[in-house]
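Its first residue numbered 1362, the sequence shown is counted upward by one per residue in the numbering used here.
For each residue, glycine too, the CB sits at the ideal point set by N, CA and C.
This report concerns only the one structure given below.
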Amino acid sequence: MALLTPLLAATASVAAQTTRVLFVGNSFTYVNDLPHQFLNVASGLGQDVYVDNSTIGGCTLYYQQPQFDNRTKELLQEEWDYIVLQDYSALPTVRAARSEYMEPAVGTFAQQKKDAKIVMYLTWGYYDGNTAACPSSDTAVCFPKGTLASMTNPPCNQSDYYHSMVGDFPCMGYSLIRGYLDMFNYGAEVVAPCGVSWQVVRGVTSINATCRAEIDQQYATPLSNPNLPLPTNGALKDLMLYRILPGNQIDKHPNVAGQYLNALTFYATLFNSSVTGAPPPLMTEPDTPLTPQQLAEMQAAVDSVVLQHMDVWHPTR
């Protein structure tokens, strides 16, 4: 028995070094496979990571709570280091929807997380913002308390107030940033600022003052840390991060480059480490491989977004 003790101890040590990450979300998580893009980055940078996911296309976190979704319920029985939560793409931009859907869902996961940390997956604005007058609600069963459009006030089909806050990429991105950061008040402990990385890579240099003020009115105080938009050198402003659909329509979902940017952001946030030298992304046709310069610029952008503002994204580290 004495001979087995060092082996058992070594096995336990190796197991303790594996970082276990559960992703709960929708197609923004599974299109081009964020969990395994993250695993690829982490493995290439020397981290032992295990990932799993519970995803439903076009859905809300609310409907993926364990009392409604069996897969989520089963996965929450396991031990995790981080539980990543991603809500429907436009939901955090609607004040009443945050109250009805997002806040209680985050609270539920926080109550059932065991020793894990709750991580919010801060997503990005659509390519030209929300160009429609109203936000969409893709999968009806996932919105049992009403559609996002029905929760806008004043009603988005009678007023341009909602559209004025999300009508371009910088404004929609700012609205999402505020919504996800607010989840610190409901049990979140970490925010992976993917949408901020998208703003830096896309070369955003300003956010319209009117939309910013209207968004800030929804919260107790203005956002002063970080001071947005963050600096950008604009080197990658023409790099497409969105999936292209037939007819050259720009989708809201990430292409391989976009999901790779998210994976880099998650790595830097969860490990508080530089992503310089990370391996290239797992490729999916018809996307083309990124050039060495593009890889280096993306990695540098993520380091600047995450590591220089870790007090914002991971304040309890």
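Contact check, His1614 vs Tyr1628, beta carbons under 8 Å = In the sequence shown, the residue the question calls residue 1614 occupies position 253. In the sequence shown, the residue the question calls residue 1628 occupies position 267. No, the pair does not count as a contact, with Cβ atoms beyond the cut-off.
On the premise that Ile1538 lies in contact with Leu1483, defined as a C-beta separation below 8 Å, what is that separation, rounded to the nearest angstrom?
-> Here residue 1483 refers to the residue found at position 122 of the sequence shown. Here residue 1538 refers to the residue found at position 177 of the sequence shown. Indeed, because the Cβ distance is near 6 Å, the residues count as touching under 8 Å.
At least 3 beta-carbon pairs within less than 8 Å: the region 1620-1640 vs the region 1503-1518 | The region 1620-1640, when compared against the region 1503-1518, does not touch it at the 8 Å Cβ threshold.
Buried versus exposed, by CB contacts within 10 Å (16 or more), Gln1438 | Residue 1438 sits at position 77 when you count from the first residue of the sequence shown. Classification for Gln1438: exposed.
Look at the Cβ atom of Pro1642, then the Cβ atom of Val1617, and state whether they are nearer than 8 Å.
-> Taking the first residue of the sequence shown as 1, we reach residue 1642 at position 281. Taking the first residue of the sequence shown as 1, we reach residue 1617 at position 256. A contact, by the Cβ cut-off of 8 Å.
Grab the span of the beta strand (DSSP E) containing His1614 for me, first residue to last.
-> The residue labelled residue 1614 in the question sits at position 253 within the sequence shown. Gln1610 to Pro1615 is the span of the beta strand (DSSP E), which, as asked, contains His1614.
What do you get for Asn1414, buried or exposed, if any count of 16 or more other CB atoms within 10 angstroms of its CB means buried?
-> For the purposes of this step, residue 1414 is taken as residue 53 along the sequence shown, with counting starting at 1. Buried: at least 16 other Cβ atoms inside 10 Å.
Collapsed DSSP secondary structure at Lys1474 in the structure displayed | As a working mapping, residue 1474 is identified with position 113 in the sequence shown. In the three-state reduction of the DSSP assignment, Lys1474 falls in the coil class.
Put Arg1539 into one of helix, strand or coil per three-state DSSP.
-> The sequence position of residue 1539 within the sequence shown is 178, counting from 1. Three-state result, Arg1539: helix.
Excluding the 5 residues preceding and the 5 following Gln1679 in the sequence, name in chain order all residues of the same chain whose CB lies nearer than 8 Å to its CB.
-> What is shown of the chain runs 1362 to 1678, which leaves residue 1679 out entirely.
Can you list, in chain order, the residues of its chain whose CB lies under 7 Å from that of Leu1436, leaving out five sequence neighbours each side?
-> Residue mapping note: residue 1436 aligns to position 75 of the sequence shown, counting from 1. So the list reads Leu1383, Asp1413 and Ser1415, once near-sequence residues are dropped.
Extent of the continuous alpha helix (DSSP H) run through Ser1415 | What you label residue 1415 is simply residue 54 of the sequence shown in a count that begins at 1. Careful: Ser1415 lies outside any alpha helix (DSSP H), inside the beta strand (DSSP E) at Val1410 to Thr1416.
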